[in-house]
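Chemist: I'd like to ask you about the structure that follows.
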Amino acid sequence: MSKNLYQPVNSEIVDIIDESPTIKSFVVVAEEPFKFKTGQFVELTLPGEGEAPFTPSSSPADTEKMEITIMKAGRVTALLHESQKGQKVGIRGPYGRGYPVDDYVGKEIYIVGGGVGLAPIRSLFLTLVDRIQDFKSVVCRFGAKAPDDFIYKNTLFGAWQNIDGVDLKLTVDEANGDWNGNVGVVTKILNRGDVDVRNAVGVVCGPPIMMKFATLKLLEFGFAPKDIYLSMEKNMSCGFGKCGHCMLGKYYVCKDGPVFTYEQIKGYRNIWD
Amino acid sequence: MQTVFVSELKPFFDAVAEQMDLYVPKKTGAHYIYDKYDPADEAAVQFNNIRACTPVKEFLFPLRELAAVFPESLEPEEIRPFAVFGLKDCDLRSIEILDKVFTEEEFEDSFYIARREKMFIISSDCSEPGTSCWCTFSGGQPHAEKGFDLNISMVGNGFVVEVGSEKASEFVEKTKDLFAEVPAEALTERDAARTEARRRVDDNNAEYTLDEPANEVVAGGYESDVFDMESQKCVECQACTRVCPTCHCFYLYDTKREDYFAKMKMWDSCMRLAYAEVAGGENPRRVLGDRIRHRFMHKFAYFLDRYGINMCVGCGRCIDADSHKMDLRVVLKKLNEELKGAKEAKVAK
Ligand code: SF4
Ligand code: FES
Numbered sequence: 001m002s003k004n005l006y007q008p009v010n011s012e013i014v015d016i017i018d019e020s021p022t023i024k025s026f027v028v029v030a031e032e033p034f035k036f037k038t039g040q041f042v043e044l045t046l047p048g049e050g051e052a053p054f055t056p057s058s059s060p061a062d063t064e065k066m067e068i069t070i071m072k073a074g075r076v077t078a079l080l081h082e083s084q085k086g087q088k089v090g091i092r093g094p095y096g097r098g099y100p101v102d103d104y105v106g107k108e109i110y111i112v113g114g115g116v117g118l119a120p121i122r123s124l125f126l127t128l129v130d131r132i133q134d135f136k137s138v139v140c141r142f143g144a145k146a147p148d149d150f151i152y153k154n155t156l157f158g159a160w161q162n163i164d165g166v167d168l169k170l171t172v173d174e175a176n177g178d179w180n181g182n183v184g185v186v187t188k189i190l191n192r193g194d195v196d197v198r199n200a201v202g203v204v205c206g207p208p209i210m211m212k213f214a215t216l217k218l219l220e221f222g223f224a225p226k227d228i229y230l231s232m233e234k235n236m237s238c239g240f241g242k243c244g245h246c247m248l249g250k251y252y253v254c255k256d257g258p259v260f261t262y263e264q265i266k267g268y269r270n271i272w273d
Numbered sequence: 001m002q003t004v005f006v007s008e009l010k011p012f013f014d015a016v017a018e019q020m021d022l023y024v025p026k027k028t029g030a031h032y033i034y035d036k037y038d039p040a041d042e043a044a045v046q047f048n049n050i051r052a053c054t055p056v057k058e059f060l061f062p063l064r065e066l067a068a069v070f071p072e073s074l075e076p077e078e079i080r081p082f083a084v085f086g087l088k089d090c091d092l093r094s095i096e097i098l099d100k101v102f103t104e105e106e107f108e109d110s111f112y113i114a115r116r117e118k119m120f121i122i123s124s125d126c127s128e129p130g131t132s133c134w135c136t137f138s139g140g141q142p143h144a145e146k147g148f149d150l151n152i153s154m155v156g157n158g159f160v161v162e163v164g165s166e167k168a169s170e171f172v173e174k175t176k177d178l179f180a181e182v183p184a185e186a187l188t189e190r191d192a193a194r195t196e197a198r199r200r201v202d203d204n205n206a207e208y209t210l211d212e213p214a215n216e217v218v219a220g221g222y223e224s225d226v227f228d229m230e231s232q233k234c235v236e237c238q239a240c241t242r243v244c245p246t247c248h249c250f251y252l253y254d255t256k257r258e259d260y261f262a263k264m265k266m267w268d269s270c271m272r273l274a275y276a277e278v279a280g281g282e283n284p285r286r287v288l289g290d291r292i293r294h295r296f297m298h299k300f301a302y303f304l305d306r307y308g309i310n311m312c313v314g315c316g317r318c319i320d321a322d323s324h325k326m327d328l329r330v331v332l333k334k335l336n337e338e339l340k341g342a343k344e345a346k347v348a349k
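So, in structure tokens, the structure goes:
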């Protein structure tokens, strides 16, 4: 008898970190060894309440625990936000294909992110930084609504600014308090000279509208559609290409993605909705 | 293939029912619906001339089932061997399609597989195909040639029984006394009936012939507004996907029981408005026409691309369910004409 695909691994929330007014990170420890590759996602069950897909934001190298950053957006995520340390949860997965990091070797990696889209990016970033000498450079352009809305503030405003091989710039839609950095949507701080498109890949993750305009911008800079990697948020449920919810054209986002190149999906309707 | 003969259905049903649970089609109004066989009920012995109106998937992938329990995990339910009588070729082909999905390597659905292994398939020829039957379109026909344990063809004085599997020969061996040798004229009669049934299906569908394979017709019409026009007739009842024997969308939901938590699995429909909606409210198929487009693309193009088999078996259930308002055949024909028109215009240039 094969194992039950629908059975989550019993796990526990061991810590909760407030990231922004609407976003928290949950540190989850599974009862069984649980490994993933950066960009893959898991299904997190709040027992008796519901299940939702999330891409872990921690480094896959940390196999003891996993961090999942969650924005309060629907019923299940709101309940998760109310939960306390010690809460029992279930995790299934990991599912899908993540970022093909080995294909990025020797290249400049141009990462554009916004809002809670920084969650998958953080996992990717930590993976890249672990072997930073393998890449020509890692160029990050991140945006948030207001300074307070940035997640991972400590590292974002601190340690990540000073890593050799990393060029990180931030912007906010609206400045307030003592913010004296860039103001404007993230596409405003994308510049043609940031990377050499002949030897670069783009990685975009964030709210749909931001992903759309960032992708258009990268195309305008001369990126080939096959060199733009998008982490697609769809309504994943089963996680293994059966329930149909996540379909994007012929693809099952859960199985063939969630990371796609723009080349793969550009012919389909409403990809940004 | 071994072939035997039985003159009456009743003793045959009784013999099957002795060894396993037996489900038989019962006439309800104009349609057949499956029910557990009751040897005491005379009306339970019927030869259905056409498929039941309910899809065979309900035997393998029930409308709602318990998928997981925690914190303690679930002991799989013991599935008793069961037989289903009167499945048609289109039903058997729908099982072939579901098998592709649920027995896919690395992601085997243990619930489906447990039922599938215990299922004994007794198919039968279609003596009277309906007006919505269009199996020959998708490579089928009104009688089965493979995919069954036993297949039954009705002839004047009895039933020709084909033995299609190891399991079935064991059954026939065990119940030898029931069967006789096939009279020579019975086979001639069966073959004539099969040819006639096939002719009927072909005649019914002559007007829907396409110039290109259906996948090309549908994919070629991806941006066509035919889907949006059709959507004006659709009331979003989702009946088409419920009765479809190959539609297999489901959703998972969690619930609390007295002393445990359960994860349930239940049929869903890609025609449902919130089906593809994400937590943030975005929905790539908010517009009904886009949902209909997706349904056609999945049935005729995407599935073929992934599994090498067309996902529509031509059973016509969705046509019946929709009181013939949205007829797949008509939609395909419209797309076909558009594509043809576009090609001719290109040549003219
Ligand atoms: S579609 Fe074909 S196989 Fe199915 S019931 Fe009709 S005639 Fe029989
Ligand atoms: S999440 Fe079920 S098919 Fe992708």
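From first to last, the protein sequence lines are chains A and B.
Residue numbers are given in our numbering: position 112 of the first sequence equals residue 112, and the series is strictly consecutive.
Residue numbers are given in our numbering: position 261 of the second sequence equals residue 261, and the series is strictly consecutive.
Glycine residues also receive a C-beta, built at the ideal position from the N, C-alpha and C atoms.
Listed in chain order, which residues of the stretch 305-332 of chain B have Cβ atoms closer than 8 Å to some Cβ of chain A?
Modeler: Cβ contacts with chain A come from ASP305 and ARG306.
Chemist: Should VAL101/A be counted as a contact of the ligand FES given a C-beta to heavy atom distance under 7 Å?
Modeler: In the first sequence, residue 101/A corresponds to position 101, counting from 1. Incorrect: VAL101/A has no Cβ contact closer than 7 Å to the ligand FES.
Chemist: Could you pull out every residue in the same chain whose Cβ sits closer than 7 Å to the Cβ of LEU178/B, ignoring the five residues on either side in sequence?
Modeler: To locate residue 178/B, count along the second sequence from 1; it is residue 178. For LEU178/B, where only same-chain residues beyond five positions count, the Cβ hits under 7 Å are VAL6, PRO11, PHE12 and ALA15.
Chemist: Terminal residues of the continuous beta strand (DSSP E) containing CYS140/A?
Modeler: Numbered from its first residue, the first sequence carries residue 140/A at position 140. Per DSSP, CYS140/A belongs to the beta strand (DSSP E) from 137-144.
Chemist: In the DSSP output, which residue or residues are listed as bridge partners for MET119/B?
Modeler: Mapped onto the second sequence, residue 119/B falls at position 119. In DSSP, MET119/B forms a bridge with PHE82/B.
Chemist: In angstroms, rounded to a whole number, what distance separates the CA positions of SER231/B and VAL155/B?
Modeler: Residue numbering aside, residue 231/B sits at position 231 when the second sequence is read from its first letter. Residue numbering aside, residue 155/B sits at position 155 when the second sequence is read from its first letter. Going from the Cα of SER231/B to the Cα of VAL155/B covers about 44 Å.
Chemist: In chain A, what lies closer than 9 Å to SER231/B by C-beta?
Modeler: One-based indexing of the second sequence puts residue 231/B at position 231. Near SER231/B there are no residues of chain A at all, since even the closest Cβ is about 14 Å away, more than 9 Å.
Chemist: So for LEU22/B, helix, strand or coil by DSSP?
Modeler: For the purposes of this step, residue 22/B is taken as residue 22 along the second sequence, with counting starting at 1. Three-state DSSP puts LEU22/B in a strand.
Chemist: Between MET229/B and ARG306/B, what straight-line distance do the alpha-carbon atoms span, to the nearest angstrom?
Modeler: Locating residue 229/B in the second sequence gives position 229, where the first residue counts as 1. Locating residue 306/B in the second sequence gives position 306, where the first residue counts as 1. Approximately 28 Å, taken between the alpha carbons.
Chemist: Output needed in chain order: residues of the stretch 242-256 of chain B with a Cβ under 8 Å from some Cβ in chain A.
Modeler: Residues passing the 8 Å Cβ filter: HIS248, CYS249, PHE250, TYR251, LEU252, TYR253, ASP254, THR255 and LYS256.
Chemist: For TYR275/B, return the contacting residues in chain A, with the cut-off set at a CB-CB distance below 7 Å.
Modeler: Counted from its first residue, the second sequence places residue 275/B at position 275. In chain order: HIS245.
Chemist: Quick check on LYS265/B - is its C-beta less than 8 Å from some C-beta in chain A?
Modeler: Here residue 265/B refers to the residue found at position 265 of the second sequence. So yes, LYS265/B belongs to the interface.
Chemist: Give me the Cα-Cα distance between GLU19/A and GLU72/B, rounded to the nearest whole angstrom.
Modeler: Position 19 of the first sequence, counted from the start, is the residue given in the question as residue 19/A. Position 72 of the second sequence, counted from the start, is the residue given in the question as residue 72/B. Using only the alpha carbons, I get a separation of about 33 Å.
Chemist: Quick one: is the Cβ of VAL253/A within less than 7 Å of any heavy atom of the ligand FES?
Modeler: Within the first sequence, residue 253/A is the residue found at index 253, counting from 1. Checking the Cβ of VAL253/A against the ligand FES gives yes.
Chemist: Any beta carbon of chain B sitting closer than 8 Å to that of LEU230/A?
Modeler: Looking up residue 230/A in the first sequence gives position 230. No, LEU230/A does not count as interfacial toward chain B.
Chemist: Helix, strand or coil: which one does DSSP assign to PHE5/B?
Modeler: On the second sequence, position 5 is the one that residue 5/B refers to. Reduced to three states, the DSSP call for PHE5/B is strand.
Chemist: Check the Cβ of LEU74/B against every Cβ in chain A and list those closer than 8 Å, keeping chain order.
Modeler: As a working mapping, residue 74/B is identified with position 74 in the second sequence. Those within 8 Å of LEU74/B in chain A are ASN4 and GLN7.
Chemist: Just verifying my parser: in three-state terms, what is the DSSP assignment at LEU210/B?
Modeler: Walking along the second sequence from the start, residue 210/B turns up at place 210. DSSP places LEU210/B in coil when its eight states are reduced to three.
Chemist: Just verifying my parser: in three-state terms, what is the DSSP assignment at GLY202/A?
Modeler: Translated into the one-based positions of the first sequence, residue 202/A becomes position 202. In this structure, GLY202/A counts as strand in the three-state DSSP scheme.
Chemist: Closer than 9 Å by beta-carbon distance: list the chain A residues that pair up with ASP290/B, in chain order.
Modeler: By one-based count along the second sequence, residue 290/B stands at place 290. Going along chain A in sequence order, the residues near ASP290/B (Cβ under 9 Å) are ARG269 and ASN270.
Chemist: Taking Cβ-Cβ distances shorter than 9 Å, what residues in chain A pair up with ASN283/B?
Modeler: Along the second sequence, one-based indexing puts residue 283/B at 283. ASN235, ASN270 and ASP273, listed in chain order.
Chemist: Any heavy atom of the ligand FES closer than 7 Å to the beta-carbon of CYS246/A?
Modeler: Residue 246/A sits at position 246 when you count from the first residue of the first sequence. Flag set: Cβ of CYS246/A near the ligand FES.
Chemist: Could you give the first and the last residue of the continuous alpha helix (DSSP H) run that contains ILE228/A?
Modeler: Start at 1 with the first residue of the first sequence, and residue 228/A comes out as number 228. ILE228/A -> not in any alpha helix (DSSP H); beta strand (DSSP E) instead, spanning 228-231.
Chemist: What I want to know is whether the C-beta of MET236/A ends up closer than 7 Å to one or more non-hydrogen atoms of the ligand FES.
Modeler: Translated into the one-based positions of the first sequence, residue 236/A becomes position 236. Yes, the ligand FES has a heavy atom inside 7 Å of this Cβ.
Chemist: Please state whether DSSP places PRO53/A in a helix, a strand or coil.
Modeler: Taking the first sequence and counting its residues from 1, one reaches residue 53/A at position 53. PRO53/A falls in the strand class under three-state DSSP.
Chemist: In terms of DSSP beta bridges, what is MET264/B paired with?
Modeler: Indexing the second sequence from 1 puts residue 264/B at position 264. Answer is LEU66/B and TYR253/B, bridged to MET264/B.
Chemist: For the stretch 67-92 of chain B, which residues have a CB atom closer than 7 Å to at least one CB atom of chain A, in sequence order?
Modeler: Those residues of the stretch 67-92 of chain B that come within reach of chain A (Cβ to Cβ, closer than 7 Å) are ALA67, ALA68, PHE70, PRO71, SER73, LEU74 and PRO76.
Chemist: Comparing the CB of LYS242/A with every heavy atom of the ligand FES, is any distance shorter than 7 Å?
Modeler: Along the first sequence, one-based indexing puts residue 242/A at 242. It does: the Cβ of LYS242/A is within 7 Å (strictly closer) of some heavy atom of the ligand FES.
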